[in-house]
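Trainee: Before we start, here is the structure in question, set down as structure tokens.
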Amino acid sequence: MPSGKIHAFATCVTAGALAPVICLTGQPITTALGFAAGCMIGLVVTPDLDVRQRSTHAETIMRRSGGCLVGALWNLLWLPYAYLIPRHRHPLSHWPILGTVLRLVYLLAVPAVAWWVLGHIIALPVLPHLALTPLIGWGIAGLALVDMLHYLMDRIF
């Protein structure tokens with residue numbers, strides 16, 4: 001299986017190579033940037049977040065970007081997810097599209113539940129609903145593509 005560094009390199013190459021291609025098809029630059037951003041989010045919202053006991057490459061990226069506390073909090077955020085997935089490389093986390101959707105739902109559900117719980121303790125405003133704009137859609141497409149690349153790399157190597 002490829003290491004986290006190899007997956008990260010492939011993710012960066014995908015973002016860097018396909019964003020200009022999207023521009024060449026006549027799409028606005030914001031579309032290409034949304035797609036590239038989705039690819040790059042794949043560096044930290046990776047299928048390998050189903051790992052329970054060891055550090056992931058995503059945690060290393062978060063730690064280098066924001067410090068040890070941010071890396072530890074990132075691991076803590078994804079620990080329940082890791083225990084919800086039966087094992088590492090399970091279809092729920094690694095299959096293309098399914099794994100992407102489940103991680104995005106988890107990522108949105110955690111702060112929503114925390115907001116709901118806090119809302120019962122102190123007065124908080126109601127969360128605005130999240131509109132699925134074309135830019136967000138392109139970002140999700142970029143994330144889904146690098147997840148598919150991750151899956152294929154795990155299968156081939």
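Those letters in the sequence shown? Residues 1 to 157, by my numbering.
All C-beta atoms in this analysis are idealised placements derived from N, C-alpha and C, irrespective of residue type, glycine included.
Which residues mark the beginning and the end of the alpha helix (DSSP H) in which residue 9 is found?
Mentor: 4 to 24
Trainee: First and last residue of the alpha helix (DSSP H) that includes residue 94?
Mentor: 91 to 94
Trainee: Answer yes or no: do residue 39 and residue 143 have a C-beta to C-beta separation smaller than 8 Å?
Mentor: The answer is yes: Cβ separation under 8 Å.
Trainee: Please state the DSSP three-state secondary structure of residue 148.
Mentor: Looking at residue 148 - three-state DSSP - the assignment turns out to be helix.
Trainee: Assign residue 120 to buried or exposed, taking buried as 16 or more other Cβ atoms, counted over all protein chains shown, within 10 Å of its Cβ.
Mentor: Around the Cβ of residue 120, a 10 Å sphere holds fewer than 16 other Cβ atoms; the residue is exposed.
Trainee: Can you tell me whether residue 30 is buried or exposed, with buried defined as 16 or more other CB within 10 angstroms of its CB?
Mentor: It counts as exposed.
Trainee: Looking at the unbroken alpha helix (DSSP H) that takes in residue 62, where does it start and where does it end?
Mentor: 57 to 66
Trainee: Going by other Cβ atoms of all chains shown within 10 Å of its Cβ, with 16 needed for buried, is residue 66 buried or exposed?
Mentor: exposed
Trainee: With distances taken from CA atoms, which of 101, 122 and 21 is nearest residue 32?
Mentor: Ranking the options by Cα distance to residue 32, first place goes to 21.
Trainee: Thinking residue 57 and residue 5 are a contact (beta carbons under 8 Å), I'd like their distance in whole angstroms, please.
Mentor: 7 Å
Trainee: Check residue 111 in the structure and name its three-state DSSP category.
Mentor: helix
Trainee: Classify residue 116: buried if its beta carbon has 16 or more other beta carbons within 10 angstroms, exposed otherwise.
Mentor: exposed
Trainee: Quick check: residue 146 and residue 88, are their CB atoms within less than 8 Å of each other?
Mentor: no
Trainee: Run the CB neighbour count on residue 13, radius 10 Å, all protein chains shown included, and call it buried at 16 or more, exposed below.
Mentor: exposed
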